[in-house]
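In my numbering, the protein residues as written are 11 to 567.
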């Protein structure tokens, strides 16, 4: 999204409400008089309101940081409302709002804000669109957060991948560049402090995704509300479950060990998702889905790893890696799968140095653009990655173990790959060696039919050879031999056990061998590995959740 003046930037950032709409918006708030110099929001705040400006004037300030002085990035006055999309989840504020001319404002608490969005559909659309546009403006123009690290580092890549998935508005500084070295000197950082984050004059060293989550408010925080539903996993299936659960009145918590999107977020372009004839990036699809879930009141925390599920009591209990416990009435397991790797010498070292990738988004591709690369895999994700990389000026070797590219790949991708002059397809071939001094320089390809070896230059290896289900934490739930969770008709009903005899029913659609625990998406045995199918399962499972909760209430009467 560009921000040139001809696109009407200010009109999108500050939509003008007519008097009737403005009056309805402020009617949901509590009136407050403010004076010049009052701070309505400070960088780093979490609990804050949607503020409607009745008479007051304010300035939006990026706090001084690194070698940048304080800067006023925008001014607002009567008829405006304040905030960006972080308001939906009580996440950290990235700018300070200061009153410059006194007057009257109306504050909408989080609950009143959600009430307005539920009752005023047209007004809600205008407000939500402005909040989204403002986040993009923060992300692309203001960039109040500075991130510095070595770009060829797996720790830095992990941090930047997480930052991209949560849409952190940050400026990137390569520690090996003049700009990066200047930042290190200015704030007193050393090489062993990296990656680091600088925000509002504060420096955080050796930052991991978990540390960053604590800093910006995305780490798990217990709620005072009873939890109806916990969704484990924020890929397409989990996001759909969270969205539908929250929109249908369930107090819903969504957890993910990494960030939103799952494997779908690694897809540079999904061309067969209904409603998007020109295709849509997986990251964009899942980002918008997460915003919808937040809009309806879902609480989303990530990275947040679930270590154990206890199904021995009347209701499920989840135990997190940080020691937290979540009591809930129902669980939807959408924990997806973990990427498979190749058993090659040096794999871990090249992965650590940032030369091996499991996604082909802008972030990963940037370091390899216009250099030769290798893509391993024979399904759609590998084909999409190869085309995306070739489109960025790289010569691509696509390595497919099987004899036929069309065996697991859509025909439209097969045709494009064979026609692209910068893509070489190697069928019946395996990667059998990695060469390079810290940075990957070559891969060794072996023809499975002849045994002939050939070295090919490469700056990065993109691995798309499937994944194993992330279900090791589900000890109390029946799984198949491969670890996928069995649900409804895949369970042998005569052997379900006394808990089901007491309930007097069999498992509902998507329900596992543990009552009120459901499984959807790639986690579930027999699932169709498509984004649209995963979202359909996530949404459909909520009907079964409602049925299970209704039965629970009936038993309690």
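C-beta atoms are modelled at their ideal positions from N, C-alpha and C, and glycine is treated no differently. Predicted model only: the values in this text are computed from it and were never measured.
DSSP-derived helix/strand/coil call for residue i
| i | result |
| --- | --- |
| residue 127 | helix |
| residue 460 | coil |
| residue 545 | helix |
| residue 194 | helix |
| residue 161 | coil |
| residue 556 | helix |
| residue 551 | helix |
| residue 376 | helix |
| residue 331 | coil |
| residue 465 | strand |
| residue 475 | coil |
| residue 187 | coil |
| residue 381 | coil |
| residue 113 | strand |
| residue 20 | helix |
| residue 60 | strand |
| residue 178 | coil |
| residue 430 | coil |
| residue 443 | strand |
| residue 563 | helix |
| residue 137 | helix |
| residue 277 | coil |
| residue 238 | strand |
| residue 491 | coil |
Spatially closest choice to residue i from the options, by CA coordinates
| i | options | result |
| --- | --- | --- |
| residue 89 | 168, 67 and 217 | 67 |
| residue 530 | 512, 515, 524 and 550 | 550 |
| residue 390 | 383, 258, 419 and 297 | 419 |
| residue 542 | 145, 165, 451 and 296 | 296 |
| residue 466 | 447, 483 and 434 | 434 |
| residue 254 | 560, 564, 561 and 552 | 552 |
| residue 535 | 506, 147 and 481 | 481 |
| residue 327 | 396, 407, 399 and 484 | 484 |
| residue 212 | 323, 256 and 73 | 73 |
| residue 9 | 453, 336, 437 and 479 | Residue 9 lies beyond the stretch modelled for the chain, which goes from 11 to 567, so this question has no answer here. |
| residue 325 | 54, 186 and 528 | 528 |
| residue 101 | 85, 231, 215 and 259 | 231 |
| residue 52 | 92, 77 and 338 | 92 |
| residue 321 | 533, 19, 526 and 98 | 526 |
| residue 345 | 250, 498, 532 and 356 | 532 |
Outcome for residue i when other beta-carbon atoms lying within 10 angstroms are tallied against a minimum of 16
| i | result |
| --- | --- |
| residue 509 | exposed |
| residue 558 | buried |
| residue 177 | buried |
| residue 317 | exposed |
| residue 570 | Any question about residue 570 goes unanswered here, given that the chain covers just 11 to 567. |
| residue 12 | Annotation note: pLDDT 44 at residue 12 (below 50); position unreliable, no value reported. |
| residue 96 | buried |
| residue 538 | exposed |
| residue 10 | With the chain represented from 11 up to 567, any question about residue 10 goes unanswered, as that position is not in the structure. |
| residue 123 | buried |
| residue 520 | buried |
| residue 238 | buried |
CB contact flag (residue i, residue j, <7 Å)
| i | j | result |
| --- | --- | --- |
| residue 381 | residue 404 | yes |
| residue 555 | residue 417 | no |
| residue 468 | residue 383 | yes |
| residue 94 | residue 138 | no |
| residue 476 | residue 350 | yes |
| residue 354 | residue 444 | yes |
| residue 301 | residue 290 | no |
| residue 65 | residue 113 | yes |
| residue 430 | residue 400 | yes |
| residue 493 | residue 524 | no |
| residue 361 | residue 164 | yes |
| residue 312 | residue 359 | no |
Below-7 Å beta-carbon distance, residue i vs any chain C residue
| i | result |
| --- | --- |
| residue 347 | This model lacks chain C altogether, as it is built from one protein chain only. |
Beta-carbon contacts of residue i that lie in its chain and below 6 Å, excluding the five residues immediately before and after
| i | result |
| --- | --- |
| residue 22 | 143 |
| residue 287 | none |
| residue 252 | 241, 262, 264, 303 and 308 |
| residue 126 | 38 |
| residue 442 | 454 and 456 |
| residue 368 | 349 and 473 |
Same chain, Cβ closer than 7 Å to residue i, five either side skipped, listed in chain order
| i | result |
| --- | --- |
| residue 180 | 153, 155, 156, 157 and 173 |
| residue 117 | 39, 40, 42, 59 and 61 |
| residue 149 | 177 and 179 |
| residue 257 | 306 |
| residue 217 | 169, 205, 206 and 207 |
| residue 24 | 86 and 90 |
Proximal residues to residue i (C-beta, below 8 Å), its chain only, five neighbours per side dropped
| i | result |
| --- | --- |
| residue 45 | 109 and 112 |
| residue 49 | 106, 107, 108 and 109 |
| residue 500 | 490, 535 and 536 |
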